[in-house]
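Here the structure comes first, spelled out in structure tokens, and everything after it is commentary.
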């Protein structure tokens, strides 16, 4: 999180190996450096970079695409050199905040590749999952094997008794992703934008959080905890769940757990 300039991201190395860690570190560094380089073009002469304002010169959706393609290239080159292998990859969920000309109005531009997610919790509205995973369940929906409603039900199951044998096999494979940075092909980057309002909370998290916790549990924590402890509480609950027995819940999954929460307070 580069709080001063409004850049937030999570990267999750694929496979949990040393190469995965190098992939995520390389992508993180590349995206941050490219963001700061481009921001200096929007804010010439400033000694301290700040959250950018919307302007005709700044197409933030194109900029997000540029950041992620550059990160992907760095994973394939510098990351592969450091790791001593080209078999490395990382997910990304990335967002930037832009201040609009109208006072007190901000836009969140966001992008992702893989299964790291972005959620929005807005007062008096149901929590929204802003991203769709590049994963098995999405592929089953795309191929019309299951519909979106059943894909969501499978993804949110807590016990084996809630699923058929076939659905349980889908659940167990849901962590498989169909693309990542550093993969065999250039990624298809999913990009969108949304206005953010006072009271909004935006969560970026890795699958170690959303695989262990249901969306309902995530929403409860986002809405019920102080803003300076929300991310820590999400990780704590995820870690506790990961230690539960499989007889208690099918969601228990040892994994890396990263969460960043933005709270809109203006």
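In full-length UniProt numbering, the protein residues as written are 1 to 266.
Backbone N, C-alpha and C fix where the C-beta goes; we use that ideal spot for every residue, glycine too.
Per DSSP, reduced to three states, the secondary structure at residue 130 is coil, with no helix or strand assignment. The segment 174–259 is shown to contain whole beta strand (DSSP E) runs of 3 or more residues at 190–196, 201–205, in chain order. Under the criterion of beta carbons closer than 8 Å, residue 258 and residue 225 do not qualify as touching, at roughly 17 Å. Following the DSSP letters along the chain, one finds residue 12 inside the beta strand (DSSP E) bounded by residues 7–13.
Nearest C-alpha to residue 31 among 237, 43, 49, 65: 65. Residue 192 and residue 67 have their C-alpha atoms some 14 Å from each other.
Residue 18: not part of any beta strand (DSSP E); member of the alpha helix (DSSP H) spanning 18–42, first to last residue. In chain order, 9, 111 place their CB closer than 6 Å to the CB of residue 94, counting only its own chain and leaving out the 5 sequence neighbours on each side.
With 16 or more neighbouring CB atoms inside 10 Å of its own CB, residue 155 falls in the buried class. With fewer than 16 other beta carbons inside 10 angstroms of its own, residue 195 counts as exposed. In the DSSP assignment, residue 113 falls within the unbroken beta strand (DSSP E) covering 106–113.
Taking a cut-off of 8 Å for Cβ pairs, the segment 67–85 and the segment 171–188 touch, as three or more such pairs fall below it. Per DSSP, residue 54 is not a residue of any alpha helix (DSSP H), being assigned neither H nor E. Put simply, of 213, 123, 132 the residue whose alpha carbon is nearest the alpha carbon of residue 239 is 213. If you draw a 10 Å sphere on the C-beta of residue 217, you find 16 or more other C-beta atoms in it, and that means buried. Note: residue 262 is bridge-paired with 202 in the DSSP secondary-structure output. Considering only 251, 117, 7, 39, the residue with the shortest C-alpha distance to residue 28 is 7. Straight across, the Cα-Cα distance linking residue 23 with residue 88 is about 6 Å.
Ranked by Cα distance from residue 215, the options 25, 62, 117 are led by 117. In this chain, the alpha helix (DSSP H) harbouring residue 154 covers 148–155. Restricting attention to 80, 63, 136, the CA atom closest to the CA of residue 168 is found in 136. Beyond the five residues adjoining it in sequence on each side, residue 131 comes within less than 7 Å, by CB distance, of 93, 112, 117, 118, 190 in the same chain, given in chain order.
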